[in-house]
Amino acid sequence: MYQILTDSCCDVPYKLLKELNVDFISMYIDINGQEIADDLGKSFDINAFYQEIAEGALPTTSQVNVGRYTEFFKQYAQQNIPVLYVCFSSGLSGSYQSALQAVEIVKEDFPEAEIHVFDSLAASGGEGLMVYEAAQKQQEGLSLAELLAWLEKNRLTYQHWVTVNDLNHLQRGGRLSKTSAAIGGLMNIKPIIDVDTQGKLRTLEKIRGRKKALQHIADKIVENTATPNEQVIFINSSGDYDSAKEVKRRIEEQIQPKAIEIFPLGPTITSHTGLGCIVAFTRGPLRQ
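So the sequence shown is numbered by the numbering used here: it starts at 6 and just counts up by one.
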């Protein structure tokens with residue numbers, strides 16, 4: 006028996022993780038001078054968080070530190086339970102390196118502890134979809150070694166397709182110049198973003214108009230979904246659930262996946278994208 010772990014950047018509800026028997030560590034967000042733990046909806050009110058942003062709040066985020074990871078892993082080492090931690094992309098956060106350092110600290114007291122830190126090279130529902138499928142593989146009877154091998158083989162098949170509605174948040178985060186944000190806003194430009202093979206965000210295209218951007222996201226999911234009738238698709242949105250439903254509808258006009266689930270975009274990612282971000286995730290060909 007082994008335990009699958011993840012972090013709150015997976016952006017799936019805690020109730021679903023509980024059903025899957027997956028434990029998680031919370032990311033922390035500072036908003037209006039208050040530090041809040043993202044517990045994936047157990048107590049964290051994501052809609053209240055969106056409202057604060059709408060009223061002008063500028064939240065900041067911080068990676069999980071070594072000390073918190075050490076305590077998180079130690080509870081399993083003490084029980085001699087092997088663990089697999091599916092971590093937020095190393096291309097977007099230093100949390101992965103902190104987790105590796107924590108493992109070394111835990112092993113000083115528990116040298117036989119089996120703790121595997123797996124770099125998902127994914128974010129939000131991409132990481133969540135990976136965790137979801139890993140938990141299913143565990144339930145099907147895969148050993149820890151077999152699951153690690155499966156994840157290594159399939160890690161780069163998790164597709165992320167993103168569009169944002171607020172270019173100013175990208176500008177504040179250093180991903181867009183102030184001039185580009187201003188011009189893009191005037192021209193109603195909506196960037197199409199994905200995650201590359203290093204787990205980093207990259208802008209692929211710039212689409213004029215929100216509706217066209219949503220259609221483009223839907224088309225990319227359709228194009229990149231392998232064996233649709235067997236695939237679950239995740240869609241996350243930072244407050245614009247109507248647009249998330251629209252993307253779902255446009256996907257279902259073209260293919261019939263096993264399921265399409267819509268979840269809120271968590272506070273860590275929303276802090277960098279702003280409101281109205283739509284992200285869709287599937288599994289298909291290897292990222293290029």
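All residues carry an ideal CB built from backbone N, CA and C; glycine is no exception.
Neighbour-count burial assignment, residue i, 16 or more Cβ in a 10 Å radius
i, result
"G130", "buried"
"S148", "exposed"
"R160", "buried"
"Q143", "buried"
"A150", "exposed"
"Y246", "exposed"
"R288", "buried"
"T232", "exposed"
"L22", "buried"
"M32", "buried"
"S48", "exposed"
"A249", "buried"
"T65", "exposed"
"D50", "exposed"
"E132", "buried"
"K158", "exposed"
Helix, strand or coil at residue i according to DSSP, with G and I counted as helix
i, result
"R73", "helix"
"R215", "helix"
"G189", "Any reading at G189 must be qualified, since the residue scores a pLDDT of 44, below 50, and its modelled position is unreliable; the value itself is stated next. G189 falls in the helix class under three-state DSSP."
"R292", "coil"
"C282", "coil"
"V108", "helix"
"S13", "helix"
"L89", "strand"
"F54", "helix"
"K195", "strand"
"E210", "strand"
"Y33", "strand"
"S67", "strand"
"T287", "strand"
"Q102", "helix"
"Q84", "coil"
"P272", "helix"
"Q114", "Per the sequence shown, residue 114 should be read as Asp rather than Gln. Helix at D114."
Residues near residue i in its chain [Cβ-Cβ closer than 7 Å; skip 5 each side]
i, result
"F268", "D16, V17, P18, G130, F239, N241"
"K263", "N234, E235, Q236, V237"
"L152", "L89, A139, K142, Q143"
"R215", "N170, K195"
For residue j and residue i, believed in contact at Cβ under 8 Å, the rounded distance
i, j, result
"I58", "L280", "6 Å"
"S103", "Y74", "6 Å"
"L10", "Y90", "4 Å"
"V27", "V136", "6 Å"
"D44", "I30", "Going by Cβ atoms, the distance from D44 to I30 rounds to 10 Å, so no, they are not a contact pair."
Beta-carbon proximity list for residue i, same chain, < 6 Å, skipping 5 on both sides
i, result
"K112", "A118"
"Q106", "V71"
"V167", "I198, V284"
"K217", "none"
"I86", "Q8"
"T275", "S243"
"E210", "I197"
"G99", "Q68"
Nonlocal neighbours in the same chain, by C-beta distance under 8 Å from residue i, ignoring five residues either side
i, result
"R207", "I198, D199, V200, D201"
"I256", "A223, I226, V227, I238, P262, I265, A285"
"G204", "S94, S95, G96, L97, D124, S125, L126, A127, A128"
"I212", "T168, I194, K195, P196, I197, A218, H221"
"D114", "K79, A82"
is_contact[residue i, chain C] using C-beta, thresh 8 Å
i, result
"L156", "Absent here is chain C; the protein component of the structure consists of one chain."
Query raised in the report: Whole alpha helix (DSSP H) runs in the segment 214 to 265 with 4 or more residues, listed along the chain?
Result: 215 to 228, 246 to 257
Report task. Would you list, in sequence order, the uninterrupted alpha helix (DSSP H) runs of no fewer than 4 residues that lie entirely inside the segment 141 to 176? Result -> 149 to 159
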